[in-house]
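Take a look at the structure below.
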Amino acid sequence: MKLQLSCGLALAALAALAAGPSPAAGDEARAFRWRTDLDAARKDALAEGRPLLAVFR
Amino acid sequence: MARPPQELLEAAKAYVPVRVVNMAGVDLNLYVFDYDLTFAVLLMNGDGTIYHRYGTRDHTSGMSRLSMASLVKLLKDSLEDHRAYQKAPKPPKPPKALPRRTIEDIPPMARKIQKKKVDCFHCHMVNEAERDWAREEKRFSREAVLGQWPLPEKVGLKLGVDEQTRVVEVLKGSPAERAGIRPGDEVRSLGGSRVRTQMDVQWALHNAPAGGSALPVELLREGDMVKLAEIRTRKGWKLADELELSWRSSMWGLRPRPGFGGRPLTKEELEKLGLEPDTWAFKVGYIVDWGEEAYTGQNARKAGIKNGDVVVAVGGKRDFASELHFQSWFRFTRKPGTKVPVEILRDGKRTTIELPVVE
Chain F
1 MKLQLSCGLA
11 LAALAALAAG
21 PSPAAGDEAR
31 AFRWRTDLDA
41 ARKDALAEGR
51 PLLAVFR
Chain P
1001 MARPPQELLE
1011 AAKAYVPVRV
1021 VNMAGVDLNL
1031 YVFDYDLTFA
1041 VLLMNGDGTI
1051 YHRYGTRDHT
1061 SGMSRLSMAS
1071 LVKLLKDSLE
1081 DHRAYQKAPK
1091 PPKPPKALPR
1101 RTIEDIPPMA
1111 RKIQKKKVDC
1121 FHCHMVNEAE
1131 RDWAREEKRF
1141 SREAVLGQWP
1151 LPEKVGLKLG
1161 VDEQTRVVEV
1171 LKGSPAERAG
1181 IRPGDEVRSL
1191 GGSRVRTQMD
1201 VQWALHNAPA
1211 GGSALPVELL
1221 REGDMVKLAE
1231 IRTRKGWKLA
1241 DELELSWRSS
1251 MWGLRPRPGF
1261 GGRPLTKEEL
1271 EKLGLEPDTW
1281 AFKVGYIVDW
1291 GEEAYTGQNA
1301 RKAGIKNGDV
1311 VVAVGGKRDF
1321 ASELHFQSWF
1331 RFTRKPGTKV
1341 PVEILRDGKR
1351 TTIELPVVE
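Heads up: the sequence lines are chains F and P, in that order. The first sequence runs contiguously to residue 57 in this note's numbering. The second sequence runs contiguously to residue 1359 in this note's numbering.
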């Protein structure tokens, strides 16, 4: 997929990612499980050896 | 709502994703970012070490320095930093590790919560609470507000959007030019920290002393690593001007304030009033008569400002870019105790009101 979106679209797509599961966001985005508890997510990241992606909206 | 691109979802899968829409309980000593932003990303280790920050903007728009390509690239590239860190982790330890501190702990906010339940804390409310507290403690500094999170241009660097650390332009006579940086270079580290985003650069600048500093810089130039002399700055280098500051929520908290505002006129409206279509003017749509700042609106009314007046110049200035620019300019440049001429159109007649500047 071409990544050069217009500014407005890019913002909307970023917002869609940060907004969490939404019927309009598509199956992949719905499958993307956002955590909402920072402390718990940090603990999971540490335990799983994965980095943390924290999005503040 | 637009669908997030597949590449973004794929790149994000390697991470434990967490989204925060309420700053309640968020440790301000750990999650440090530009709280004026409405979109900010931290890539970090679970131990609290922050690898990179993403998300910034300027006065032109909220998207001016973001792109899907740069975010996807960052998510992919940062995995390399994570793998390297995992081999030799250095978690923050006392005295570097600070105790947990939240927005609810900031005294003016703590008092507000005692009086009235507050459910949702926006990011910008952190700055407002900190500012109110600083005022109470008589340690408020305009310079601290104006010098926060300096854009790369403050040292003369114009960086790319898709390639966030690629130098697009080096401003003439700037610290970056004096350091020998050239267009096409890729900034690899600044002030000793690996940078992958414009916000990483801003973080390094944010932490540099306002009184002048010497920041070591490493570059990739045509594939070779180049170490340059430091980027040397002088006193005052950090300070934003009123236009640069205009998008920030923090701006609203500065004083003095005009006590009124409104939306700029459209070209058609300007034409109807016999004004040139490229001039700036706004119709007074509100006079502040609420909250702690009601005195500023009362001052404006007393001076003669009315709802519906068309403001065509303030202090002789006619080239404001937006209402935010006007508001920021007033706070930035006006001195309490003086008067500022406000040129208005009312009922087709042009008149000038002398507005006392109050604090």
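Cβ coordinates follow ideal geometry from the N, Cα and C atoms, glycine included. All values derive from a computational prediction rather than experimental measurement.
Helix, strand or coil for Ala1281 of chain P? Go by DSSP, reduced to three states. Reading the second sequence from its first residue, position 281 is the one you call residue 1281 of chain P. Assignment of Ala1281 of chain P by DSSP, reduced to helix, strand and coil, places it in the coil class.
Could you check whether the Cβ of Cys1123 of chain P sits closer than 7 Å to any Cβ belonging to chain F? Your numbering for residue 1123 of chain P matches position 123 in the second sequence. It does; some Cβ of chain F falls within 7 Å.
Looking at chain F, is there any beta carbon in it that lies within less than 7 Å of the beta carbon of Val1340 of chain P? As a position in the second sequence, residue 1340 of chain P is number 340, starting the count at 1. Chain F contact via Cβ: absent.
Got a sec: is the Cβ-Cβ distance from Gly1184 of chain P to anything in chain F below 7 Å? Taking the first residue of the second sequence as position 1, residue 1184 of chain P is located at position 184. Closer than 7 Å to the CB of Gly1184 of chain P there is not a single CB belonging to chain F.
Suppose you measure from the CA of Leu1228 of chain P to the CA of Val1195 of chain P; what does that come to, to the nearest Å? Position 228 of the second sequence, counting from 1, holds the residue named residue 1228 of chain P. Position 195 of the second sequence, counting from 1, holds the residue named residue 1195 of chain P. Distance from the CA atom of Leu1228 of chain P to the CA atom of Val1195 of chain P, rounded to whole angstroms, is 16 Å.
In chain order, what residues of the same chain lie with their CB nearer than 8 Å to the CB of Gly1262 of chain P, ignoring the 5 residues before and after it? Position 262 of the second sequence, counted from the first residue, corresponds to residue 1262 of chain P. Around Gly1262 of chain P: Phe1282, Lys1283, Val1284, Gly1285, Tyr1286, Val1311 and Glu1323.
Using 10 angstroms around the beta-carbon of Gln1086 of chain P, count the other beta-carbons present and answer buried if the total reaches 16, otherwise exposed. Against the second sequence, residue 1086 of chain P aligns to sequence position 86. Answer is exposed; the Cβ neighbour count stays below 16.
Which of the three DSSP states, helix, strand or coil, is assigned to Phe1121 of chain P? Along the second sequence, one-based indexing puts residue 1121 of chain P at 121. Correct three-state label for Phe1121 of chain P: coil.
Could you tell me whether the stretch 1325-1341 of chain P touches the stretch 1243-1253 of chain P, using the rule of 3 or more Cβ pairs below 8 Å? Using a Cβ-Cβ distance cut-off of 8 Å, the stretch 1325-1341 of chain P and the stretch 1243-1253 of chain P are in contact, since at least three pairs of beta carbons, one from each stretch, lie closer than that value.
Rounded to the nearest angstrom, how far is the Cβ of Pro1099 of chain P from that of Ala1129 of chain P, given a contact under 8 Å? As a first step, residue 1099 of chain P is located in the second sequence; it is residue number 99 there, counting from the start. As a first step, residue 1129 of chain P is located in the second sequence; it is residue number 129 there, counting from the start. A Cβ-Cβ separation of about 18 Å leaves Pro1099 of chain P out of contact with Ala1129 of chain P under the 8 Å criterion.
Just to confirm the assignment: which complete alpha helix (DSSP H) runs, minimum length 4, are found wholly within the stretch 1252-1302 of chain P? Positions of the alpha helix (DSSP H) runs, each at least 4 residues long and wholly inside the stretch 1252-1302 of chain P, are given as 1267-1272 in order along the chain.
Using the three-state DSSP reduction, which class does Phe1361 of chain P fall into: helix, strand or coil? Outside the shown range of chain P (1001 to 1359) lies residue 1361 of chain P, about which nothing can therefore be said.
At 8 Å on the CB atoms, spell out the chain F contacts of Asn1045 of chain P, in chain order. Counting from one through the second sequence, the residue named residue 1045 of chain P turns up at place 45. Near Asn1045 of chain P (Cβ distances below 8 Å), the residues of chain F are Ala45, Leu46, Pro51 and Leu52.
Boundaries (first-last residue) of the beta strand (DSSP E) holding Pro1218 of chain P: Stepping through the second sequence from its first residue, residue 1218 of chain P is reached at position 218. Reading off the sequence, residue 1218 of chain P comes out as Glu, not Pro. For Glu1218 of chain P, the enclosing beta strand (DSSP E) stretches over residues Gly1212 to Arg1221.
Determine whether the beta carbon atoms of Gly1211 of chain P and Thr1233 of chain P lie at a separation below 7 Å. Looking up residue 1211 of chain P in the second sequence gives position 211. Looking up residue 1233 of chain P in the second sequence gives position 233. No. Outside cutoff.
Simplified DSSP assignment, three categories, for Met1023 of chain P: Position 23 of the second sequence, counted from the start, is the residue given in the question as residue 1023 of chain P. The DSSP-derived three-state label of Met1023 of chain P is coil.
Are the stretch 1063-1070 of chain P and the stretch 1147-1166 of chain P in contact at 8 Å, needing three or more beta carbon pairs? Contact holds between the stretch 1063-1070 of chain P and the stretch 1147-1166 of chain P, because three or more Cβ pairs, one in each stretch, are under 8 Å apart.
Any beta carbon of chain F sitting closer than 7 Å to that of Leu1219 of chain P? Here residue 1219 of chain P is taken as the residue at index 219 of the second sequence, counted from 1. Taking 7 Å as the CB threshold, Leu1219 of chain P stays off the interface with chain F.
Measuring straight from C-alpha to C-alpha, what distance separates Ser1141 of chain P and Gly1223 of chain P? For this step, residue 1141 of chain P is matched to residue 141 along the second sequence. For this step, residue 1223 of chain P is matched to residue 223 along the second sequence. Whole-angstrom Cα-Cα distance: 43 Å.
Distance, Cα to Cα, Lys1349 of chain P vs Ala1204 of chain P? Here residue 1349 of chain P refers to the residue found at position 349 when the second sequence is read from its first residue. Here residue 1204 of chain P refers to the residue found at position 204 when the second sequence is read from its first residue. In a straight line, the C-alpha of Lys1349 of chain P is about 52 Å away from that of Ala1204 of chain P.
What does Asp1224 of chain P pair with, by DSSP beta-bridge criteria? The residue given as residue 1224 of chain P occupies position 224 in the second sequence. Bridge partners of Asp1224 of chain P according to DSSP: P:Arg1221.
Helix, strand or coil: which one does DSSP assign to Ile1181 of chain P? In the second sequence, residue 1181 of chain P corresponds to position 181, counting from 1. Coil, per DSSP.
Taking 7 Å as the CB-CB limit, is Arg1082 of chain P close to chain F? Counting from one through the second sequence, the residue named residue 1082 of chain P turns up at place 82. A quick correction: the sequence has His, not Arg, at residue 1082 of chain P. With 7 Å as the cut-off, His1082 of chain P counts as an interface residue toward chain F.
I believe Leu1215 of chain P touches Glu1230 of chain P by the beta-carbon criterion, under 8 Å. Please report the beta-carbon distance rounded to the nearest angstrom. On the second sequence, residue 1215 of chain P is found 215 positions in, with the first residue counted as 1. On the second sequence, residue 1230 of chain P is found 230 positions in, with the first residue counted as 1. Contact annotation, Leu1215 of chain P with Glu1230 of chain P: C-beta distance approximately 5 Å; criterion of less than 8 Å satisfied.
The alpha helix (DSSP H) that contains His1052 of chain P, what's its start and end? Taking the second sequence and counting its residues from 1, the one referred to as residue 1052 of chain P is at position 52. Not the alpha helix (DSSP H): His1052 of chain P falls in the beta strand (DSSP E), residues Ile1050 to Tyr1054.
Considering only their Cβ atoms, is the gap separating Val1201 of chain P from Ala1176 of chain P smaller than 7 Å? Counting from 1 along the second sequence, the entry for residue 1176 of chain P is found at position 176. Counting from 1 along the second sequence, the entry for residue 1201 of chain P is found at position 201. Cβ atoms of Ala1176 of chain P and Val1201 of chain P: not closer than 7 Å.
Is Ser6 of chain F buried or exposed, if buried means 16 or more other CB atoms sit within 10 Å of its CB? The sequence position of residue 6 of chain F within the first sequence is 6, counting from 1. In this predicted model, Ser6 of chain F has a pLDDT of only 43, less than 50, meaning its place in the structure is not dependable; the value taken from the coordinates is given anyway. Burial call: exposed.
Do we get a CB-CB distance below 7 Å when we pair Arg1019 of chain P with the residues of chain F? Locating residue 1019 of chain P in the second sequence gives position 19, counting from the first residue. By the rule that beta-carbons nearer than 7 Å mark a contact, Arg1019 of chain P touches chain F.
Do you know offhand how far Ala54 of chain F's Cα is from Leu1074 of chain P's? For this step, residue 54 of chain F is matched to residue 54 along the first sequence. For this step, residue 1074 of chain P is matched to residue 74 along the second sequence. Just so you know, the alpha carbons of Ala54 of chain F and Leu1074 of chain P end up roughly 13 Å apart.
In chain order, what residues of the same chain have a beta carbon less than 7 Å from the beta carbon of Tyr1035 of chain P, not counting five sequence neighbours either side? As a first step, residue 1035 of chain P must be located in the second sequence, where it is residue number 35. Within the same chain, Tyr1035 of chain P has close Cβ partners Cys1123, His1124, Val1126 and Asn1127.
Use the C-beta contact count for Glu1186 of chain P: other C-beta atoms within 10 angstroms, 16 or more gives buried, fewer gives exposed. The residue labelled residue 1186 of chain P in the question sits at position 186 within the second sequence. Burial call: buried.
In this structure, how does DSSP classify Phe56 of chain F when only helix, strand and coil are distinguished? Here the question's residue 56 of chain F lines up with position 56 in the first sequence. DSSP, read as helix, strand or coil, puts Phe56 of chain F in strand.
Determine, using beta carbons only, whether Tyr1015 of chain P comes closer than 7 Å to chain F. Stepping through the second sequence from its first residue, residue 1015 of chain P is reached at position 15. Output row for Tyr1015 of chain P: interface = yes.
One or two residues paired with Ile1231 of chain P in a DSSP bridge: As a first step, residue 1231 of chain P is located in the second sequence; it is residue number 231 there, counting from the start. Note: Ile1231 of chain P sits in a beta bridge opposite P:Leu1215.
Spatial distance of Gln1298 of chain P from Thr1338 of chain P (CA atoms): Looking up residue 1298 of chain P in the second sequence gives position 298. Looking up residue 1338 of chain P in the second sequence gives position 338. Cα-Cα distance, rounded: 17 Å.
Buried or exposed by the 16-neighbour rule on C-beta atoms within 10 Å, applied to Asp1309 of chain P: Along the second sequence, one-based indexing puts residue 1309 of chain P at 309. By the neighbour-count criterion, in which a residue is buried when 16 or more other Cβ atoms sit within 10 angstroms of its Cβ, Asp1309 of chain P is buried.
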